[in-house]
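Asks:
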Amino acid sequence: MTDDSHRTVSHDLNQRRTEPLTQSLFPCTRELLNDSAFLASLEHVAPADVLKTYVDPVDFLFCEIKTSYRVVCERFYAQKCAALCALPICTPERIRRWDTLLMGALLLADEFRRQGKSLPWDQFRQLVFQTADGVNL
């Protein structure tokens, strides 16, 4: 049995999109990542080999926390589907909740970086959901 918990987004470099799947859907998360400390915090907790397969760190964060969207990202990068914002599931309320979840993940990653702590990604992801308990995601 194989473990695909860190399955990377495959792509053909010659036909791969260069714009992010998440585009401007998560403005608060993107704003946090504009701060180099938060980007360093994400890099502290993220598996580097998986992070580099994504066009954008927000794509990584979203797809590796909400793992059911990995396939959407893969199809988007392969130019086989529209951006996330075009999907019917992306209601304003859901986008707001996802943005809150991703911001919480970055704040937790920042705490881990500042304290010199680390966890395997799967455990970090579980902790993100535990700290977001009560938020309808």
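Last residue of the sequence shown: number 141 in our numbering, and the count goes up by one each step with no gaps.
Beta carbons are placed, not taken as given, at the ideal position from N, Cα and C, and that holds for glycine.
Would you identify the three-state DSSP class for residue 63, choosing helix, strand or coil?
Replies: To locate residue 63, count along the sequence shown from 1; it is residue 59. Helix, per DSSP.
Asks: In three-state DSSP terms, what is residue 73?
Replies: For the purposes of this step, residue 73 is taken as residue 69 along the sequence shown, with counting starting at 1. Reduced to three states, the DSSP call for residue 73 is helix.
Asks: Hey, quick one: how far does the alpha helix (DSSP H) through residue 89 stretch, first residue to last?
Replies: Position 85 of the sequence shown, counting from 1, holds the residue named residue 89. It is not in any alpha helix (DSSP H) - residue 89 carries neither H nor E in the DSSP assignment.
Asks: Confirm, please, whether the CB-CB distance from residue 123 to residue 69 is below 8 Å.
Replies: Looking up residue 69 in the sequence shown gives position 65. Looking up residue 123 in the sequence shown gives position 119. Taking 8 Å as the Cβ cut-off, residue 69 and residue 123 do not qualify as a contacting pair.
Asks: Looking only at its chain, what residues have a beta carbon closer than 7 Å to the beta carbon of residue 24, apart from the 5 residues adjacent to it on each side?
Replies: Position 20 of the sequence shown, counted from the start, is the residue given in the question as residue 24. These residues qualify, in order along the chain: 59, 60, 62 and 63.
Asks: To which residues of the same chain is residue 43 closer than 8 Å at the C-beta, ignoring the five residues directly before and after it?
Replies: Walking along the sequence shown from the start, residue 43 turns up at place 39. Excluding positions up to five away in sequence, the list reads 37 and 61.
Asks: Look at the alpha carbon of residue 71 and the alpha carbon of residue 29, and state the distance between them as a whole number of angstroms.
Replies: Taking the first residue of the sequence shown as 1, we reach residue 71 at position 67. Taking the first residue of the sequence shown as 1, we reach residue 29 at position 25. Going from the Cα of residue 71 to the Cα of residue 29 covers about 17 Å.
Asks: Starting from residue 109 and walking both ways along the alpha helix (DSSP H), at which residues does that stretch end?
Replies: Within the sequence shown, numbered from 1, the residue matching residue 109 stands at position 105. 96 to 119 is the span of the alpha helix (DSSP H), which, as asked, contains residue 109.
Asks: Under the assumption that residue 108 contacts residue 132 (Cβ atoms under 8 Å), give the Cβ distance between them as a whole number of angstroms.
Replies: Counting from 1 along the sequence shown, the entry for residue 108 is found at position 104. Counting from 1 along the sequence shown, the entry for residue 132 is found at position 128. Going by Cβ atoms, the distance from residue 108 to residue 132 rounds to 6 Å, so yes, they are a contact pair.
Asks: Under three-state DSSP, which class holds residue 33?
Replies: As a position in the sequence shown, residue 33 is number 29, starting the count at 1. Three-state DSSP puts residue 33 in a helix.
Asks: Could you spell out where the alpha helix (DSSP H) holding residue 26 opens and where it closes?
Replies: For the purposes of this step, residue 26 is taken as the residue at position 22 of the sequence shown. Note, residue 26: premise wrong, no alpha helix (DSSP H); not H, not E.
Asks: DSSP three-state call for residue 57: helix, strand or coil?
Replies: Within the sequence shown, numbered from 1, the residue matching residue 57 stands at position 53. The answer is coil: DSSP assigns residue 57 none of H, G, I, E or B.
Asks: Any idea what DSSP makes of residue 1, helix, strand or coil?
Replies: In this structure the chain extends from 5 to 141, so residue 1 is not present and cannot be described.
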